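J.:
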């Protein structure tokens with residue numbers, strides 16, 4: 001805790017001499033620093049064409065907005081699933097074919 005005038009302050013800012021910054025700020029706008037949980041991307045690999053990419057865990061869903069196929073992809077080591085255009089998934093035709101086959105089987109059961 002710092003004493004600044006008649007106020008008790010729990011935050012402090014070190015401003016180097018010569019900086020033309022105003023030393024007053026709104027502490028309500030400050031956010032606590034959260035250290036990143038993962039510093040590197042261990043799931044990045046070198047692909048067959050020599051580029052760097054990620055490993056696809058599975059294809060979850062398909063949609064076709066404006067007649068362009070997109071697949072909802074689950075990546076290894078990622079929490080979020082991402083919609084990817086089919087052009088970006090040229091490295092995994094077997095996973096797409098597997099997904100399409102499973103999808104057709106589900107439709108036949110109905």
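Residue numbers (UniProt numbering): 1 to 110.
Every residue, glycine too, gets a C-beta built ideally from N, C-alpha and C.
Only a predicted model underlies this, so the values are computations on that prediction, with no experimental measurement involved.
1) I need the DSSP call for residue 35, collapsed to helix, strand or coil.
2) Using a 10 Å radius around the Cβ and a threshold of 16 neighbouring Cβ atoms, would you call residue 25 buried or exposed?
3) Could you tell me whether the Cβ atoms of residue 83 and residue 73 are closer together than 9 Å?
4) Residue 109 lies in the alpha helix (DSSP H); which residues open and close that run?
5) Which partner residues does residue 71 have in the DSSP bridge list?
6) Rank 106, 71 and 78 by C-alpha distance to the C-alpha of residue 93 and give the top, closest one.
7) Starting from residue 45 and walking both ways along the beta strand (DSSP E), at which residues does that stretch end?
8) Does the Cβ-Cβ distance between residue 16 and residue 48 come in under 9 Å?
9) Would you call the CB atoms of residue 98 and residue 60 closer than 9 Å?
T.: According to the structure data:
1) Here residue 35 refers to the residue found at position 35 when the chain shown is read from its first residue. Here residue 35 sits in coil by DSSP.
2) Stepping through the chain shown from its first residue, residue 25 is reached at position 25. The residue in question, residue 25, is exposed, as its Cβ has fewer than 16 Cβ neighbours within 10 Å.
3) Residue mapping note: residue 83 aligns to position 83 of the chain shown, counting from 1. Residue mapping note: residue 73 aligns to position 73 of the chain shown, counting from 1. Yes. Within cutoff.
4) Locating residue 109 in the chain shown gives position 109, where the first residue counts as 1. Segment 93–109, the alpha helix (DSSP H) holding residue 109.
5) As a position in the chain shown, residue 71 is number 71, starting the count at 1. 62 and 84, per the DSSP bridge assignment.
6) As a working note, residue 93 is residue 93 in the chain shown. Closest option to residue 93, Cα to Cα, is 71.
7) Start at 1 with the first residue of the chain shown, and residue 45 comes out as number 45. Run containing residue 45: 44–46, per the beta strand (DSSP E) assignment.
8) Stepping through the chain shown from its first residue, residue 16 is reached at position 16. Stepping through the chain shown from its first residue, residue 48 is reached at position 48. No, the pair does not count as a contact, with Cβ atoms beyond the cut-off.
9) Along the chain shown, one-based indexing puts residue 98 at 98. Along the chain shown, one-based indexing puts residue 60 at 60. Not a contact, by the Cβ cut-off of 9 Å.
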